[in-house]
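Undergrad:
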Amino acid sequence: MLTPQGEQMLAQATGRIREIEQQMVGGLSDTQRQELWDLLTACIEGIK
């Protein structure tokens, strides 16, 4: 459970993360985004 201040900080951080994600993948096509997702998923599986 978060305090009201903690909830506000979380909301601000979440919004900023979304902005950064959009900058990172905004220029990619849907196909490229799916390829990126698949590759990142494979990387994660590789370190489990």
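The sequence shown runs 1 to 48 under UniProt numbering.
Ideal Cβ positions, reconstructed from N, Cα and C, are used throughout, including at glycine.
Whole-angstrom Cβ separation of residue 25 and residue 39, contact assumed at under 8 angstroms?
TA: Within the sequence shown, the letter at position 25 stands for residue 25. Within the sequence shown, the letter at position 39 stands for residue 39. About 13 angstroms separates the two Cβ atoms, so there is no contact after all.
Undergrad: So what's residue 10 in DSSP terms, helix, strand or just coil?
TA: Numbered from 1 along the sequence shown, position 10 holds the residue referred to as residue 10. Three-state result, residue 10: helix.
Undergrad: Locate the alpha helix (DSSP H) running through residue 46, then write down its first and last residues.
TA: Taking the sequence shown and counting its residues from 1, one reaches residue 46 at position 46. From DSSP, the alpha helix (DSSP H) with residue 46 extends over 30 to 46.
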